[in-house]
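Numbered by our numbering, the letters in the sequence shown go through residues 273 to 462 in order. Glycine included, C-beta positions come from ideal geometry on N, C-alpha and C. For reference, the structure is listed below as structure tokens.
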Amino acid sequence: MKKVLYLSLTLLLATLLIECKESDANFSPGASDPRIAGTWRLVERLYPVIVNDTLIDSVSVGDYYKIDSTFVNNQYVIDSVLVKAHFEKDTIITTKSVDRTGRYSDRLPQTLTFNTDGKLSAKGDTMSYYYPIKYFLVDKTYPDSLFLNLYITTNRANVYFQQGLKFNADTMLLQPRCERRCYSKFVRVK
């Protein structure tokens, strides 16, 4: 009886797993903008980095009395000692955000490929941010600026987020949302 129950549960689970399908199989944001279609190689990136800095300094301590008490013959005896002025070490730890510019050679290319059907693929360690993104669409809603909608599939829904987009001849600039200025600069691969 137990074997039949376990076999039934196994068959049920197998059927459920077989029925699971990729939800984005029918999703397509549409044809891409001809300006972005093709492969782009990362050449420069400006991004914020958190830097911890330790500063060791000496602090001047003025004269002061150190009060001490001891227990002698069932009584507390209070004693005070004059401590002369001296220097003590002090450690200060600071944390700040600084901008760092990274430049990338073509020996280990970091690339994004924008297909004409709206699919996106990324290659290279630095491009790992774009690995889960499968689709894109150039958003031309605002006449004076372009945005790149990047679609990620989560909980069987295709959700997009935007990055600013600028073109200058064979150069493309992606501008993610940052507290300060940041960008990724690409050149078209020929």
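{"Asked": "Contacts around Y403, its chain only, beta-carbon distance under 7 angstroms, and the 5 residues preceding and following it disregarded", "Found": "A394"}
{"Asked": "Nearest to V459 (by Cα), restricted to the options R379, A441, P448 and N387", "Found": "A441"}
{"Asked": "Length at least 3, wholly inside the stretch 363-418: the beta strand (DSSP E) runs in chain order", "Found": "383-386, 392-395 and 405-411"}
{"Asked": "Nearest-angstrom Cβ-Cβ length linking Y455 and L446, presumed shorter than 8 angstroms", "Found": "7 angstroms"}
{"Asked": "Contacting residues, own chain, Cβ-Cβ under 8 angstroms from S330 (five flanking each side not counted)", "Found": "F359, E360, K361 and D362"}
{"Asked": "Exposed unless 16 or more other CB atoms sit within 10 angstroms - verdict on G334", "Found": "exposed"}
{"Asked": "Close Cβ partners of D296 (< 7 angstroms) along its chain, the five nearest in sequence each way excluded", "Found": "Its pLDDT being 49, under 50, D296 is placed unreliably in this model, and the value from its coordinates should be taken loosely. K406, T425 and N430."}
{"Asked": "Local Cβ density within 10 Å of V410, reported as buried at 16 or more and exposed below that", "Found": "buried"}
{"Asked": "Reduced DSSP secondary structure (H/G/I, E/B, other) of K438", "Found": "strand"}
{"Asked": "Separation of Y336 from V349, as counted between CA atoms", "Found": "19 angstroms"}
{"Asked": "Whole-number beta carbon distance between K368 and V323, since they are thought to touch under 8 angstroms", "Found": "6 angstroms"}
{"Asked": "Buried/exposed call for S304, threshold 16 Cβ in 10 Å", "Found": "buried"}
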